[in-house]
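Undergrad: Handing you a structure now.
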Amino acid sequence: MGDRVNNRTVGKKGRSVWLSRAIPVAAALLCTVVPAFAQGFPALRLEPGVSSYPLGPHLQIYEDVSRTLSLEQVQAPEVREKFIPNPDAGAEIHFGYSRSAYWMKFSLANDGQGGDAWLLHLANPLVDEADLYWKGLKGPVRVVRTGDRKPFSERPLVHRDFVFPLDLPPGETREFFLRIQTDGPVSLPLTILSREAFQISEQHALLLMGGYYGLALSMAVLSLWLFFSIRDRVCLFFMLWILPTVAVQATMSGIAYQYFWPGSPWWERKAMPFAMGLAVVGMTLFALEFMKRSTPHRFLCRALKGCGAAGFLFMLGVFLTPNPLALKLMSALSQVSIVVVLLTAAMGWLSGFRPSRLFTVGWVVLLLGTFVGIGRSWGWLPVDFWTLYGNQVGSAAAIVLLSFSLTERVRAIDRERITLRDGRQVYRRLAITDGLTGLYNRGFLDESLPRETARAKESGHDLSLLFLEVDNFKSFNDAYSQSMGDVVLQRLSEVIRENIREADSPFRYGDEEFIVLLPGTNLAGGFHVAERIRLYFQSIVFRSEGDKSVISSVSVGLTSYKPGETPSDLLTRVDKALHQAKQEGRNRTAVVDP
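Going by this note's numbering, the first residue of the sequence shown is number 4, and it counts up by one from there.
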């Protein structure tokens, strides 16, 4: 019995000694397998065959209101226990506008692929500070610091977004801490993906962005070309809206920082509100000029002018205003301006201004795209293709629709100009034409004769002048009535037109007097024309009211221009030739040499 007791006692002591030695060894092994600052947080397992994981559901988050905590302070037990699971289990994390810093921790277990095969993609290029911390099995904590407050060259991977290569050898589990601080809305699309998947998604994104920027810039160049072609300011204002709108999109996507000012973090933070203010100015100028012909309501015109003035002042105030306040003000002003423009366009549509139909639809599409982008940024809408690229899609569609509406407006203005030109031509024709005969009147002769004499003087070409008068016209009217006399004058005007060239100009000079300008014609040619008209008219038989056959005749005076003389001298000499024809017995052509 004693031996049994002693044996049991010895066994208990042996087991106690074994446990006392095994526990420290086990603890040491656990500390070797699990990272130094991992405390049971469930790891996201990166499995072979899966290339992309949304990181949101696997995060624990702590809000650092003071924005001063370091990694060592965050790892302290009193802070570590305050980390809470991500309340937004979606693919994108949203905190709205916040001045706090946010710490996010997550663990990754690599079940097979190479240690450099995985990337952390933060698809928000406007984050001010993004720092990633991790620690391997040995060595100090490693950190990668980036954000748009740092020069673009300091990014861990050359990309418009923030992309972190993950040091995660196959078969290991590591814990990571991500610290985020930004002045804008905290919207964090976080994804763990393989390099191959990242390259494929990047190709698709570049294709879409290339299409957007190519379309927008093409429309801007086209509007500039139209401005120089037709000198319509609305085309210039359209371009003034497109270019800053493209600049806003390029800044939001990170393209502008990557290619235009990679060494200026200060301007990167000011560029977006500045471009938004310039876009508001261009938008209001474009809308005011476009809707000018539809006589919009005075209140809406004043509201548009007010939005434009506010956009200009805010654009200048960007350099003196804190960035969060500038972004909030410009975002609100942009949305208000779009609504005012939309109301103005709708009023123009209701008033019957046809080009405002597509103009209205274009602003509706832009407003919808803006709301979709805001809804995704604030977490109101799910993350998919349409919400991710809602701003760009809405902007591109609006640019196309507004360019169509601009084309329709240009066509409408062209139609108005053609109508006005035709009306002016009609009025001009009426002003210079004799109502009875259809020939030019005496007033137009006073314009034409100095011009033709000056042309003959400069060119050295001949210029002849015919002066025709119906013989005994007063007696003819007394004998056969004034209406019969009008018929004679109308028929004589037809004979004149039928026997002259297009370059020649016939005028009714008095009641029964006519003058014909014959540019490029000498006296011999003028005499031939005069005789042809006289003989043709002499052969016409008129019928009086009593069905009596009546004939009429004309006397013609002919002379030509002498270089250096005045139009008045030319008229005096041709009148002398006509007087000579009447003295010689009428119904004949008399010539007076210059």
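We put the CB at the ideal spot given by N, CA and C, even for glycine.
Using a Cβ-Cβ cut-off of 6 Å (strictly less than) and excluding sequence neighbours within five positions of Arg357, which residues of its own chain qualify?
TA: Position 354 of the sequence shown, counted from the start, is the residue given in the question as residue 357. Closer than 6 Å at the Cβ level, and outside the excluded window around Arg357, lies no residue.
Undergrad: Would you check if the distance between the CB atom of Ile341 and the CB atom of Met286 is smaller than 9 Å?
TA: By one-based count along the sequence shown, residue 341 stands at place 338. By one-based count along the sequence shown, residue 286 stands at place 283. Contact flag set, yes.
Undergrad: Relative to the alpha-carbon of Pro128, which residue among Val161, Ala112, Ala120, Phe109 has its alpha-carbon at the smallest distance?
TA: The residue labelled residue 128 in the question sits at position 125 within the sequence shown. Residue Val161 is the option with its Cα nearest to Pro128.
Undergrad: Hey, quick one: how far does the beta strand (DSSP E) through Phe167 stretch, first residue to last?
TA: Counting from one through the sequence shown, the residue named residue 167 turns up at place 164. Per DSSP, Phe167 belongs to the beta strand (DSSP E) from 165 to 168.
Undergrad: Anyone know if the C-beta pair for Lys138 and Arg83 falls short of 9 Å?
TA: By one-based count along the sequence shown, residue 138 stands at place 135. By one-based count along the sequence shown, residue 83 stands at place 80. Taking 9 Å as the Cβ cut-off, Lys138 and Arg83 do not qualify as a contacting pair.
Undergrad: How far does the alpha helix (DSSP H) with Leu452 in it extend, from its first residue to its last?
TA: What you label residue 452 is simply residue 449 of the sequence shown in a count that begins at 1. From DSSP, the alpha helix (DSSP H) with Leu452 extends over 445 to 462.
Undergrad: Locate the alpha helix (DSSP H) running through Pro522, then write down its first and last residues.
TA: For the purposes of this step, residue 522 is taken as residue 519 along the sequence shown, with counting starting at 1. Run containing Pro522: none in the alpha helix (DSSP H); it sits in the beta strand (DSSP E), 516 to 522.
Undergrad: Is it buried or exposed, Val473, if we count other Cβ atoms within 10 angstroms and call 16 or more buried?
TA: Sequence index remark: in the sequence shown, residue 473 carries index 470 (1-based). Under this definition Val473 is a buried residue.
Undergrad: What does the alpha-carbon distance come out to for the pair Gln541 and Lys585?
TA: As a position in the sequence shown, residue 541 is number 538, starting the count at 1. As a position in the sequence shown, residue 585 is number 582, starting the count at 1. Whole-angstrom Cα-Cα distance: 16 Å.
Undergrad: What number of angstroms, rounded off, separates the C-alpha of Cys34 from the C-alpha of Gln63?
TA: Here the question's residue 34 lines up with position 31 in the sequence shown. Here the question's residue 63 lines up with position 60 in the sequence shown. Its pLDDT being 36, under 50, Cys34 is placed unreliably by the model, and the measurement read from it follows with that caveat. Each residue's Cα considered, the two are about 22 Å apart.
Undergrad: In the structure shown, what three-state DSSP assignment does Gly43 receive?
TA: For the purposes of this step, residue 43 is taken as residue 40 along the sequence shown, with counting starting at 1. The predicted model places Gly43 with a pLDDT of 46, which falls under 50 and marks its position as unreliable; any figure quoted below should be read in that light. Three-state result, Gly43: coil.
Undergrad: Which residues bound the alpha helix (DSSP H) around Trp352?
TA: Against the sequence shown, residue 352 aligns to sequence position 349. Start and end: 326 to 353.
Undergrad: What residue range does the alpha helix (DSSP H) around Arg236 cover?
TA: Position 233 of the sequence shown, counting from 1, holds the residue named residue 236. Annotation: the continuous alpha helix (DSSP H) that includes Arg236 extends over 236 to 256.
Undergrad: Which first and last residues belong to the beta strand (DSSP E) in which Thr592 is found?
TA: In the sequence shown, counting from the first residue as 1, residue 592 sits at position 589. Taken as a continuous stretch (DSSP letters only), the beta strand (DSSP E) holding Thr592 covers 592 to 594.
Undergrad: Considering only C-alpha positions, which residue in the set Phe180, Arg535, Ile499, Leu526 is nearest to Ile518?
TA: Counting from one through the sequence shown, the residue named residue 518 turns up at place 515. Just measuring C-alpha positions, the residue of Phe180, Arg535, Ile499, Leu526 sitting nearest Ile518 is Ile499.
Undergrad: Pick helix, strand or coil for Glu292, following the three-state DSSP scheme.
TA: Locating residue 292 in the sequence shown gives position 289, counting from the first residue. Helix, per DSSP.
Undergrad: Could you give the uninterrupted runs of the beta strand (DSSP E) lying entirely in the region 173 to 202, keeping only those of 3 residues or more?
TA: 176 to 184, 188 to 197
Undergrad: Quick test of your reading: Val557 and Leu469, contact by CB under 8 Å. State the CB separation rounded to the nearest angstrom.
TA: Numbered from its first residue, the sequence shown carries residue 557 at position 554. Numbered from its first residue, the sequence shown carries residue 469 at position 466. So it is not a contact: roughly 10 Å between Cβ atoms.
Undergrad: Over the uninterrupted beta strand (DSSP E) stretch that includes Tyr539, give me the two end residues.
TA: For the purposes of this step, residue 539 is identified with residue 536 of the sequence shown, where counting begins at 1. Here Tyr539 belongs to no beta strand (DSSP E); instead the alpha helix (DSSP H) covers 526 to 541.
Undergrad: Can you tell me whether Asn525 is buried or exposed? The criterion is at least 16 other CB atoms within 10 Å of its CB, across all chains shown.
TA: Position 522 of the sequence shown, counted from the first residue, corresponds to residue 525. When all chains shown are included, Asn525 counts as exposed.
Undergrad: With a CB to CB cut of under 6 Å and the five nearest residues on each side skipped, what residues in its chain are close to Ile2?
TA: Residue 2 falls outside the range modelled here, since the chain spans only 4 to 597, and no answer is possible.
Undergrad: How is Asp67 classed by DSSP in three states: helix, strand or coil?
TA: The residue you call residue 67 lines up with position 64 of the sequence shown. Of the three classes helix, strand and coil, the one that applies to Asp67 here is strand, per DSSP.
Undergrad: Along the chain, where does the beta strand (DSSP E) containing Gly99 start, and where does it finish?
TA: What you label residue 99 is simply residue 96 of the sequence shown in a count that begins at 1. That run of the beta strand (DSSP E) goes 95 to 100.
Undergrad: Between the beta-carbon of Ser398 and the beta-carbon of Tyr215, is there less than 9 Å?
TA: Taking the first residue of the sequence shown as position 1, residue 398 is located at position 395. Taking the first residue of the sequence shown as position 1, residue 215 is located at position 212. Contact: yes.
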